[in-house]
Structure formats: structure tokens, C-alpha cells
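The opening position of the sequence shown corresponds to residue 9 in my numbering, with each subsequent residue numbered one higher.
Beneath this line is the structure, given in C-alpha cells, with notes to follow.
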Amino acid sequence: MKSPHTGVKRIIHAAGYSWKGFKSTWKHEAAFRQEVILFIFLVPFAFWIGESAFERAILIAVLMIVLLVELLNTAIESTVDRIGDDYHKLSGRAKDQASAAVFLSFFIAGVVWIGFIVSKIMGGL
Numbered sequence: 009m010k011s012p013h014t015g016v017k018r019i020i021h022a023a024g025y026s027w028k029g030f031k032s033t034w035k036h037e038a039a040f041r042q043e044v045i046l047f048i049f050l051v052p053f054a055f056w057i058g059e060s061a062f063e064r065a066i067l068i069a070v071l072m073i074v075l076l077v078e079l080l081n082t083a084i085e086s087t088v089d090r091i092g093d094d095y096h097k098l099s100g101r102a103k104d105q106a107s108a109a110v111f112l113s114f115f116i117a118g119v120v121w122i123g124f125i126v127s128k129i130m131g132g133l
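Written out as C-alpha cells, the structure is:
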């Protein structure tokens, strides 16, 4: 069903739905809560490690990508679980692939953060 809202009203309603998504993910997904806590813990370090606003933005953005991918993973898992509790190889594959995307986002964030930390320790070499 298409939303009856347009313009600014549509944006306001969309923001409300987004907030609802954040709240439900926080409530039902321990991994998301852990990743948010990690995000909150690491953001201050981004301001110490990054030497420019651009570098700080990159360090924070890769952490946000982890949260974004976790939200998508949760949406996929919720959709698969909604279909039914019976095991199906395609349902398992979808969940595994979404999990792999989360893993890859963590790997990317780790590579970026390690690169910046090594650069800072080595004096910009």
C-alpha cells in the first residue's frame, strides 16, 4: 500500500518508521546492541586517531557501515523467520549470506582502523 503522505509529511512519517526500526532492532538483537556499544566506545578514538575531519569521518563511517549492514541482516532474518519455522535450504542460505555481509563489514572496518592506527604509530609512514 502506498503512503498517503507526500512532501515533508512523508519525510516525517518515514523518520518515525526508521526510529521504530532502530528501537525494535535494539530490543530484539543482541548483536546490534553490542555493535552500538562498540560504536559509542570507538567514536572518541576516531577523534584521536584521525588527523583531519576527513580521516575522522572515514573512521566513523566504517563503524556506521557495520550498523547499517547489521540492520539489513536483521531485516532479512526477520523476513525469513516470518515465512516459517521449518528449515529450508534457501532460508538458511539467505541468513548465512546476510551474516557474511556483517562479517565483511567488520573486516572492512578493521582494515581501515588498523591502517589508521599503524599509520599513527609509525608516524605517517
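For glycine and all other residues, C-beta sits at the position ideal for the given N, C-alpha and C.
In this text the structure is predicted, and so the values were computed from the model without any measurement.
With 16 as the cutoff for other CB atoms within 10 Å, does residue i come out buried or exposed?
i, result
"alanine 83", "exposed"
"threonine 14", "exposed"
"phenylalanine 53", "exposed"
Closest to residue i by CA distance: which of the options is it?
i, options, result
"isoleucine 68", "Gly92, Ser113, Ala109", "Ser113"
"histidine 36", "Ile66, Glu85, His13, Phe53", "Glu85"
"glycine 131", "Phe62, Ser107, Ile57, Gly92", "Ile57"
With a Cβ-Cβ cutoff of 8 Å, do residue i and residue j count as a contact?
i, j, result
"isoleucine 116", "isoleucine 73", "yes"
"leucine 80", "glutamate 43", "no"
"valine 110", "valine 77", "yes"
"arginine 18", "serine 26", "no"
Cα separation between residue i and residue j?
i, j, result
"lysine 31", "alanine 38", "12 Å"
"glycine 118", "glycine 24", "32 Å"
"histidine 21", "lysine 28", "11 Å"
"valine 120", "valine 16", "37 Å"
"valine 70", "leucine 50", "11 Å"
"leucine 46", "isoleucine 66", "16 Å"
"valine 3", "serine 60", "As shown, the chain starts at 9 and ends at 133. That puts residue 3 outside it, with no answer to give."
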